[in-house]
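Undergrad: Next up is a structure, given as structure tokens.
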């Protein structure tokens, strides 16, 4: 018995339910179809109704690998897909990083220019205040 694959179909679980009478885990659509047809548990052949099923919360991040990963070519393809995904994510992160560097550089340049203008104006103000004091003496 597995909590990653349906006990009826053997497929990875997407919408998992557990049978309260037997404890087996099934894919919801598969077991509902089976119960509607037979009214019995496919594993133990005991009486079963839709009320005996409880939904399970399966973490969407931890989805199991498909059955194609059981062969070497399938595993190689899965690894290649993961590699491609990692490379694409790295590329997009680098592009975003470069854009943020550009924006930061522009903002720092504007800040530096503003500081220089303020310093120049403060210096001119101080010179004018000194000149005014000299004139008033």
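In this note's numbering, the protein residues as written are 27 to 163. Every residue, glycine too, gets a C-beta built ideally from N, C-alpha and C.
Taking 7 Å as the limit between beta carbons, can you name the residues of its chain near residue 82, skipping five residues before and five after?
TA: The residues are 42, 43, 44 and 51.
Undergrad: Assign residue 99 to one of three DSSP states: helix, strand, or coil.
TA: Residue 99: helix per DSSP, three-state reduction.
Undergrad: What residue range does the beta strand (DSSP E) around residue 182 cover?
TA: Outside the modelled stretch of the chain, which goes from 27 to 163, sits residue 182, for which no answer is possible.
Undergrad: From the DSSP output, which residues share a beta bridge with residue 43?
TA: For residue 43, which the question treats as bridged, DSSP gives the partners 52 and 81.
Undergrad: Would you kindly work out how many angstroms separate the C-alpha atoms of residue 30 and residue 65, rounded to a whole number?
TA: Spanning the two alpha carbons is a distance of roughly 24 Å.
Undergrad: With 8 Å as the threshold, decide whether the Cβ of residue 53 is near any Cβ in chain C.
TA: Checking the listed chains, one finds no chain C in this structure; it contains a single protein chain.
Undergrad: In whole angstroms, what separates the C-alpha of residue 120 from that of residue 129?
TA: In a straight line, the C-alpha of residue 120 is about 14 Å away from that of residue 129.
Undergrad: Please classify residue 76: is it buried, with 16 or more other beta-carbons within 10 angstroms of its beta-carbon, or exposed?
TA: With fewer than 16 other Cβ atoms within 10 Å, it is exposed.
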